[in-house]
Amino acid sequence: MDISIGRLQQLLAVAKTGSFSKAAEELNISQPALSRSIAAIEDYYGFQMFNRMGRGVQLTSAGKQIINLSGPAVQHLKALDKNFRLFGAGLAGALSVGIAPLLASQVLGRLAGDFFMGSQPVSLQSVVRPGDALIQSLFNDEIELIAYPESYIEPSDDLDVQTIGALEPVCACRRGHPLLECKKIFQRDLEGFPWASSVAPAVLNDISLSNQFICDNYHIVKEAVINSDMIAIFTESFVLPELNDGSMCQITIRDMPLPLTKIYIAKLKAQKTSPLAEVFITKLRRILGD
């Protein structure tokens, strides 16, 4: 016989009320069913827990010891059951994810805020690294999934990839940048100006970039662009305040189209997504949709 939380609650109810009928009413079961359940426990373990005294019951010496052990056990089991339900609903546990730098700068602050609005026991670790390092972390089981823009990591047959949204990219420079004097700007006009990015952009492979500032933190990249002749590609929403106050200006490069950048989630095909990871994906999808 397995001692379940339900059987322990029956023992505690009878001990507390001193009556099978009152305990049965409290537990919302019939008195005969409760009496049979308690008798079955006593028969199985070979000792009597209650002395039957007329209409009431009294704990035996052994019964008192069992009740003293049962109270804390029930509380622990209730807490365990609650945690099981929280884990299953994605409201508890620990999650480690990898995020590309520009995407992290754009969404990570809001995403973390959404995760910790409540008081549930959740731990979220974000790893912001170059694409190759994120892939290595995924295969090393250091992170559960990667959120990244298209072309950031190489395709692999080992990855399960899904599209979860898109971002609007813009090329931007500081107010008063020499390029703003050009009526039309082409890639060749960018030569001689420093380029800022987390990686050397593939769209500029046809021209020589003699000066590059490589940085994984796009808040720093934005500050560097505002205070120098650097040029960089950001997401529009990330630099919208600076575009609105005029400290940064958007530039259109005629032979360098910037279509919507798709955002992907990748995980190992052999790995099932945890409930907390599903919550992460849902929250990120909603933020990108906004």
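When you number the sequence shown by my numbering, it's gap-free, plus one each residue, and the end is 1724.
Even for Gly, the Cβ is constructed at its ideal location relative to N, Cα and C.
According to DSSP, simplified to helix, strand and coil, what is asparagine 1678? helix
Quick check: aspartate 1650 and phenylalanine 1627, are their CB atoms within less than 7 Å of each other? no
How many angstroms separate the CA atom of arginine 1720 from the CA atom of serine 1557? 20 Å
Under the DSSP definition of a beta bridge, which residues are partnered with cysteine 1607? Cys1683
With 16 other CB atoms within 10 Å as the buried threshold, where does isoleucine 1697 fall? buried
Using only the alpha-carbon positions, how far apart do arginine 1608 and proline 1691 sit? 20 Å
What beta strand (DSSP E) runs, 3 residues minimum, are completely inside the region 1471–1507? 1484–1487 and 1490–1493
My output table needs one value for proline 1628: the three-state DSSP class, helix, strand or coil. coil
When the Cα of leucine 1542 is compared with those of Asp1592, Leu1718 and Gly1723, which residue comes out closest? Leu1718
Cβ-Cβ distance between isoleucine 1580 and alanine 1700 below 7 Å: yes
Enumerated in chain order, which unbroken segments of the beta strand (DSSP E) with a length of 3 residues or greater are wholly contained in the region 1523–1589? 1527–1533, 1556–1562 and 1579–1583
Environment of glutamate 1578 [buried if 16+ CB atoms lie within 10 Å]: buried
Could you give the C-beta distance for leucine 1545 and methionine 1483, rounded to a whole number, given that I count them as a contact under 8 Å? So it is not a contact: roughly 53 Å between Cβ atoms.
Starting from the Cα of leucine 1702, find the closest Cα among Gly1610, Leu1572, Pro1709 and Lys1617 and give me that residue. Leu1572
Just to confirm my understanding: we take leucine 1442, look at its own chain, exclude 5 residues before and 5 after, and list those with CB closer than 7 Å. What are they? Ser1504, Ala1507 and Val1508
State the start and end residues of the unbroken alpha helix (DSSP H) segment that holds threonine 1716. 1709–1723
For arginine 1688, collect the residues of the same chain with a Cβ closer than 7 Å to its Cβ; drop the 5 residues on either side in sequence, then sort them by chain order. Lys1618, Ile1619 and Phe1620
CB-CB under 6 Å to isoleucine 1501, same chain, minus the five flanking residues each way: which ones, in chain order? Ala1449
Could you check if isoleucine 1648 is buried or exposed, using at least 16 other CB atoms within 10 Å of its CB as the buried criterion? exposed
If I measure Cβ to Cβ from alanine 1600 and keep anything under 8 Å in the same chain, skipping five residues before and after, which residues do I get? Leu1694, Thr1695, Lys1696, Ile1697 and Leu1722
Between which residues of its own chain and asparagine 1645 is the CB-CB distance below 6 Å, once the five residues before and five after are set aside? Pro1628
Among Ser1632, Asp1436, Phe1481 and Asn1678, nearest to lysine 1498 - alpha-carbon criterion: Phe1481
Buried or exposed for serine 1539, going by 16 or more other Cβ atoms inside 10 Å? buried
What separation, rounded to the nearest whole angstrom, lies between the Cα atoms of serine 1455 and glutamine 1465? 5 Å
Suppose the cutoff is 6 Å on Cβ atoms and the five residues either side in sequence are ignored; what does the same chain contact list for valine 1655 look like? Ala1630, Cys1649 and Ala1666
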